[in-house]
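First residue of the sequence shown? That's 645 in my numbering, and the numbers climb one at a time after it. Here's the structure, in structure tokens; my notes come after.
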Amino acid sequence: FSSDLQTYFSPFTKYGQKIIRLNQFTNGLEIFNSGTVYSFWNDNFKSRTGELTNGTSLNTTPTLNTGQIRTLFLGHIEQFDNKGNQFKDSCFSTQFGYFNINAGTNDSTENLIKAWKVTLKNKVYPSEIPIAFYKDENGSLIYYDNGIRIFR
Numbered sequence: 645f646s647s648d649l650q651t652y653f654s655p656f657t658k659y660g661q662k663i664i665r666l667n668q669f670t671n672g673l674e675i676f677n678s679g680t681v682y683s684f685w686n687d688n689f690k691s692r693t694g695e696l697t698n699g700t701s702l703n704t705t706p707t708l709n710t711g712q713i714r715t716l717f718l719g720h721i722e723q724f725d726n727k728g729n730q731f732k733d734s735c736f737s738t739q740f741g742y743f744n745i746n747a748g749t750n751d752s753t754e755n756l757i758k759a760w761k762v763t764l765k766n767k768v769y770p771s772e773i774p775i776a777f778y779k780d781e782n783g784s785l786i787y788y789d790n791g792i793r794i795f796r
């Protein structure tokens, strides 16, 4: 993302601003909710948001399979949107990775778990939803977003 930025105070300096968002990975798998954002003004580093991952010793073998994740997602589409029948023949996109369950809480300690991300196939979040994240160990819902975000 690139844009021009002007300060609000004299001398009203203009900067060429570039924002770069990076997804983080560990063990070759994405950490779904652990991106970092870098800001540059006139091609000079200005700031970074987000914490860098410490990685994990968790393995990369899923417990659940895509069929089980599909069933869970359809159930939540029905529960939260009453549209299970509308999407029962749709294709979904699933991705196995990690999720920091402490992100967005008062506990800043990184706590990665194995998780699944599910969306409608060939749709892009956030403009085309729903999206859900599930714990791999037991299939419990972590997060569901249909425009209204639901955390468990």
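Backbone N, C-alpha and C fix where the C-beta goes; we use that ideal spot for every residue, glycine too. Being a predicted model, the structure only gives us computed values, none of them experimental.
Check: With DSSP run on the structure shown, which of helix, strand or coil describes Leu-718?
Finding: helix
Notebook entry, point to check: When we look at the beta-carbon of Thr-753 and count the other beta-carbons within 10 Å, is it buried (16 or more) or exposed?
Noted result: exposed
Check: If you check the beta carbons only, do Gly-728 and Leu-716 fall under 8 Å apart?
Finding: no
Next item on the list: Pair every Cβ in the segment 729–746 with every Cβ in the segment 661–677, then say whether three or more of these pairs are closer than 8 Å.
Entry: yes
Item checked: Proximity winner among Asn-744, Pro-774, Ile-664 and Tyr-778, relative to Trp-760 (alpha-carbon distances) -> Tyr-778
Notebook entry, point to check: Is it the case that the Cβ atoms of Ile-662 and Ser-646 are separated by a distance below 8 Å?
Noted result: Ile is not the amino acid found at residue 662; the sequence shown has Lys there. Cβ distance < 8 Å, so Lys-662 and Ser-646 count as in contact.
Item checked: Ile-757 versus Asn-750 - alpha carbon distance -> 18 Å
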